[in-house]
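Chemist: Our numbering numbers the first residue of the sequence shown as 32 and each following residue consecutively.
Next up is a structure, given as structure tokens.
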Amino acid sequence: MKTYTEQFIGGIWREGSGDSVLENRNPYTDELLYTYRSASRADIDDAYSAAIAAQREWARVLPAAKATLFERLRETIVAFAPVIDECLIMECGSPKSKREMEKAGSVGLARMCVRFPYQMEGKIQPSDTPGQENYIYRTPKGVVCVIAPWNVPFVLALRSVIPAIACGNAVVLKSSSDTPASSFVIAEMFEQAGFPKGVLNVVAGAGREIGDYIVTHPSASSISFTGSTEVGRRIGRLAGESIKDVSLELGGNNPFIVLGDADVGMAVAAGIPGAFFNQGQICMATNRIIVVRERYDAFCTAFAGAVSDLKSGDPADDAVFVGPLINKKQVDDVLALVEATENAGARVLVRGELRGNLMTPWLFADVTNDMPAAANETFGPVCSILRAEDEDDAVRIANETEYGLSSSVITNDRWRGLQVARRIESGMTHVNDSSIGTEPHVMFGGEKASGLGR
């Protein structure tokens with residue numbers, strides 16, 4: 032994998048000037064990929080200065096010229112597929128299914144945003160004053176700060192970066208310290224596609240050095256953060272104190288309801304990727320499968336068999352579906368939830384094994400909402416099955432959480448599924464499908480502690 036030891040500021044690659052030297056490690060082998068010096072506050076100042084200067088000119092670029100650059104970006108993403116694959120394997124531990132999702136989603140975003148420069152429309156409203164009219168214009172925000180997550184570092188960064196720039200803004204992108212190369216691949220792609228210098232600036236660094244500063248910086252007009260609810264609450268407070276727009280895409284404890292009329296095979300087919308895609312390290316991952324009494328035993332048996340058949344191991348092996356967790360801290364956190372849940376009386380249907388950062392799937396049955404694996408976002412290859420007496424009980428159990436990002440309902444009656452979906456307190460609900468799924472032209476976001484904004 033290419034090493035990225037420099038920051039990308041104002042179109043120039045340069046070494047960071049922070050105090051910390053950070054490591055980028057392979058989560059599967061624990062191999063040290065490279066070290067890099069953190070960005071400093073001075074680097075953040077320079078990134079924002081470059082963005083402000085570039086944005087003034089970029090906002091005046093004609094729509095056709097912007098659209099041409101985004102078409103080039105789409106072509107560049109396709110050409111960079113081997114680079115993206117290698118990066119996601121080496122620093123993120125991404126199996127093939129997850130890599131393909133990130134690449135396809137990124138191409139889709141670039142294709143969709145070719146149209147955005149033509150959609151910056153306004154409107155005219157009447158006035159009660161004779162001879163006057165009210166003209167309303169939609170204009171760029173200015174400089175948008177995008178803070179990327181480590182779990183899906185490529186497409187979830189681009190999900191904010193591409194629309195922001197397409198609408199005439201400039202961006203300062205901060206990568207996760209666990210997956211910095213993914214953000215710098217994005218910088219390379221924008222550079223190769225020919226975007227003006229300073230429209231996109233990418234920095235990587237220790238949160239203790241630049242985390243708060245990049246959010247509160249006076250040049251940032253809007254903050255887009257994807258990550259944990261704990262960190263999102265802090266960013267929300269900081270942004271509120273600075274009177275900045277903020278978009279927060281946070282954690283989830285996502286329910287997957289199997290109704291009494293559901294086809295068990297369909298439920299298993301949708302539940303497997305929902306629970307174990309990217310090792311469960313997805314904000315939309317299925318945490319709790321809530322099965323109505325009539326289907327409970329049959330589903331437990333069938334789902335346990337399917338989970339046992341999942342291949343775990345080296346993410347470079349295309350047959351592998353479950354790869355490593357991102358680091359030892361994540362392993363320890365997930366293991367603590369697993370042990371506490373078993374001690375609380377849950378029945379183990381599939382017992383996971385641990386080899387380094389590789390954790391094979393865990394599956395629990397007879398779980399209740401107060402058990403740790405059901406009460407918390409696990410963010411690992413752990414899934415809990417809960418029994419519900421009927422449809423109303425299933426909805427009650429689903430909503431008994433502070434989170435509300437994604438959910439699923441499995442039923443043979445789609446109309447019934449839609450009615451149940453509308454009773455679930457989440458930003459999105461999938462009927463007869465996995466809880467993991469989004470399209471670039473559809474608004475995305477959560478309710479309650481799962482986020483703010485769309």
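All C-beta atoms in this analysis are idealised placements derived from N, C-alpha and C, irrespective of residue type, glycine included.
Bear in mind that the values here come from a model prediction, so they are computed numbers and not experimental data.
With a threshold of 7 angstroms on Cβ separation, who are the neighbours of G302 within its own chain once the five nearest residues in sequence on each side are excluded?
Modeler: On the sequence shown, position 271 is the one that residue 302 refers to. Result list for G302: F287, T317, I320 and F334, in chain order.
Chemist: Taking DSSP's pairing of strands, which residues face L93 in a bridge?
Modeler: Here residue 93 refers to the residue found at position 62 when the sequence shown is read from its first residue. DSSP output for L93 lists no bridge partner at all.
Chemist: Going by beta carbon distance, what residues of the same chain come within less than 8 angstroms of V138, once the five residues before and after it are set aside?
Modeler: Here the question's residue 138 lines up with position 107 in the sequence shown. Answer for V138: R105, I108 and V109, listed in chain order.
Chemist: Could you give the distance in angstroms between the alpha-carbon of E384 and the alpha-carbon of D363?
Modeler: Counted from its first residue, the sequence shown places residue 384 at position 353. Counted from its first residue, the sequence shown places residue 363 at position 332. Their backbone Cα atoms lie some 13 angstroms apart in a straight line.
Chemist: Please state the DSSP three-state secondary structure of L281.
Modeler: By one-based count along the sequence shown, residue 281 stands at place 250. In this structure, L281 counts as coil in the three-state DSSP scheme.
Chemist: For the segment 198-282, list the beta strand (DSSP E) runs that are entirely contained and at least 3 residues long, ordered along the chain.
Modeler: Whole beta strand (DSSP E) segments, 3+ residues: 201-205, 231-234, 253-257 and 276-280.
Chemist: Identify, in the order they occur along the chain, each residue of the same chain with its Cβ nearer than 7 angstroms to the Cβ of G229, setting aside the five sequence neighbours on each side.
Modeler: Within the sequence shown, the letter at position 198 stands for residue 229. Result list for G229: G41, G42, A81, A82, A84, A85 and A201, in chain order.
Chemist: To the nearest angstrom, report how far apart E133 and A367 are at their CA atoms.
Modeler: Residue mapping note: residue 133 aligns to position 102 of the sequence shown, counting from 1. Residue mapping note: residue 367 aligns to position 336 of the sequence shown, counting from 1. Whole-angstrom Cα-Cα distance: 30 angstroms.
Chemist: Go ahead and pull the three-state DSSP assignment for A419.
Modeler: Position 388 of the sequence shown, counted from the first residue, corresponds to residue 419. DSSP places A419 in strand when its eight states are reduced to three.
Chemist: Thinking just about the alpha-carbon of each residue, which of G49, D444 and G282 is nearest to the one in R264?
Modeler: Against the sequence shown, residue 264 aligns to sequence position 233. When only C-alpha atoms are compared, the closest one is G282.
Chemist: Relative to the alpha-carbon of C176, which residue among A251, F215, A237 and D243 has its alpha-carbon at the smallest distance?
Modeler: Residue 176 sits at position 145 when you count from the first residue of the sequence shown. Per the Cα distances, A251.
Chemist: Terminal residues of the continuous beta strand (DSSP E) containing E54?
Modeler: Here residue 54 refers to the residue found at position 23 when the sequence shown is read from its first residue. Taken as a continuous stretch (DSSP letters only), the beta strand (DSSP E) holding E54 covers V52 to R56.
Chemist: Nearest by alpha-carbon distance to R68: which of V322, D50 and D61 is it?
Modeler: Here the question's residue 68 lines up with position 37 in the sequence shown. Comparing Cα positions, the closest option is D50.
Chemist: Between F352, I120, R56 and L269, which has its C-alpha nearest A306's C-alpha?
Modeler: As a position in the sequence shown, residue 306 is number 275, starting the count at 1. A306 has its Cα closest to that of F352, out of F352, I120, R56 and L269.
Chemist: Let me know if R418 comes out buried or exposed under the rule of 16 or more other beta-carbons within 10 Å of its beta-carbon.
Modeler: For the purposes of this step, residue 418 is taken as residue 387 along the sequence shown, with counting starting at 1. Per the 10 Å Cβ criterion, buried.
Chemist: Any chance the segment 224-240 sits against the segment 193-209, with 3 or more Cβ pairs inside 8 angstroms?
Modeler: The segment 224-240, when compared against the segment 193-209, does touch it at the 8 angstroms Cβ threshold.
Chemist: State yes or no: is the C-beta of N388 within less than 8 angstroms of the C-beta of P184?
Modeler: Position 357 of the sequence shown, counted from the first residue, corresponds to residue 388. Position 153 of the sequence shown, counted from the first residue, corresponds to residue 184. Their beta carbons are not under 8 angstroms apart, which means N388 does not touch P184 by this criterion.
Chemist: With burial defined as no fewer than 16 other Cβ atoms inside 10 Å of the residue's Cβ, what is the status of S158: buried or exposed?
Modeler: Counting from one through the sequence shown, the residue named residue 158 turns up at place 127. So S158 ends up on the exposed side.
Chemist: Which term fits D74, buried or exposed, when burial requires 16 or more other beta carbons within 10 angstroms of its beta carbon?
Modeler: Along the sequence shown, read from residue 1 onward, the residue named residue 74 stands at position 43. So D74 counts as buried.
Chemist: State the start and end residues of the unbroken alpha helix (DSSP H) segment that holds M297.
Modeler: What you label residue 297 is simply residue 266 of the sequence shown in a count that begins at 1. Run containing M297: V295 to F307, per the alpha helix (DSSP H) assignment.
Chemist: By the 10 Å Cβ neighbour count, where 16 or more other Cβ atoms means buried, how is V322 classified, buried or exposed?
Modeler: Here residue 322 corresponds to residue number 291 of the sequence shown, with the count starting at 1. By the neighbour-count rule (16 or more Cβ atoms within 10 Å), V322 is buried.
Chemist: If you follow the alpha helix (DSSP H) that S339 is part of, which residue opens it and which one closes it?
Modeler: As a first step, residue 339 must be located in the sequence shown, where it is residue number 308. From DSSP, the alpha helix (DSSP H) with S339 extends over R324 to S339.
Chemist: May I ask you to verify whether the segment 386-404 touches the segment 436-450, counting CB pairs closer than 8 angstroms and requiring at least 3?
Modeler: At 8 angstroms Cβ cutoff, the stretches do not touch.
Chemist: Pairing CB atoms from the segment 253-262 with CB atoms from the segment 461-476, are three or more of them under 8 angstroms?
Modeler: In short, these stretches do not touch, since the Cβ pair count stays below three.
Chemist: Return the chain-ordered ranges of every alpha helix (DSSP H) run that is complete within the segment 168-197 and spans a minimum of 4 residues.
Modeler: As far as the segment 168-197 is concerned, its whole alpha helix (DSSP H) runs of at least 4 residues are 186-197.
Chemist: Tell me the rounded alpha-carbon separation between S343 and R56.
Modeler: Your numbering for residue 343 matches position 312 in the sequence shown. Your numbering for residue 56 matches position 25 in the sequence shown. Cα-Cα distance, rounded: 20 angstroms.
Chemist: Nearest to L279 by CA position, among G484, W44, Y65 and E46, is which residue?
Modeler: Working through the sequence shown from its first residue, we reach residue 279 at position 248. When only C-alpha atoms are compared, the closest one is G484.
Chemist: Is the beta carbon of I241 less than 8 angstroms from the beta carbon of V277?
Modeler: Within the sequence shown, numbered from 1, the residue matching residue 241 stands at position 210. Within the sequence shown, numbered from 1, the residue matching residue 277 stands at position 246. It is not a contact, given that the beta carbons lie outside the stated cut-off.
Chemist: If you follow the beta strand (DSSP E) that M459 is part of, which residue opens it and which one closes it?
Modeler: Within the sequence shown, numbered from 1, the residue matching residue 459 stands at position 428. Residues M459 to V462.
Chemist: So which of P403, V381, N182 and V338 has the shortest CA-CA distance to V365?
Modeler: Taking the first residue of the sequence shown as 1, we reach residue 365 at position 334. Looking at the Cα atoms, P403 is the closest of the given residues.
Chemist: To the nearest angstrom, how far is the alpha carbon of R324 from that of D423?
Modeler: Taking the sequence shown and counting its residues from 1, the one referred to as residue 324 is at position 293. Taking the sequence shown and counting its residues from 1, the one referred to as residue 423 is at position 392. Going by the C-alpha atoms only, they are around 12 angstroms apart.
Chemist: Alpha carbon to alpha carbon, how far is V246 from P346? Give it in angstroms, no decimals.
Modeler: Your numbering for residue 346 matches position 315 in the sequence shown. Your numbering for residue 246 matches position 215 in the sequence shown. Approximately 34 angstroms, taken between the alpha carbons.
Chemist: Say whether the segment 152-171 touches the segment 208-225, bearing in mind that this needs 3 or more beta-carbon pairs closer than 8 angstroms, one atom from each stretch.
Modeler: Verdict: no, contact absent.
Chemist: Would you kindly work out how many angstroms separate the C-alpha atoms of L189 and V216, rounded to a whole number?
Modeler: Within the sequence shown, the letter at position 158 stands for residue 189. Within the sequence shown, the letter at position 185 stands for residue 216. Between L189 and V216, the C-alpha separation is close to 11 angstroms.
Chemist: Between I455 and V426, is the Cβ-Cβ spacing less than 8 angstroms?
Modeler: Position 424 of the sequence shown, counted from the start, is the residue given in the question as residue 455. Position 395 of the sequence shown, counted from the start, is the residue given in the question as residue 426. Closer than 8 angstroms, so yes.
Chemist: Hey, which unbroken runs of the alpha helix (DSSP H) at 4 residues or more fall wholly within the segment 388-475?
Modeler: Here the runs fully enclosed are 403-406, 422-430 and 445-452.
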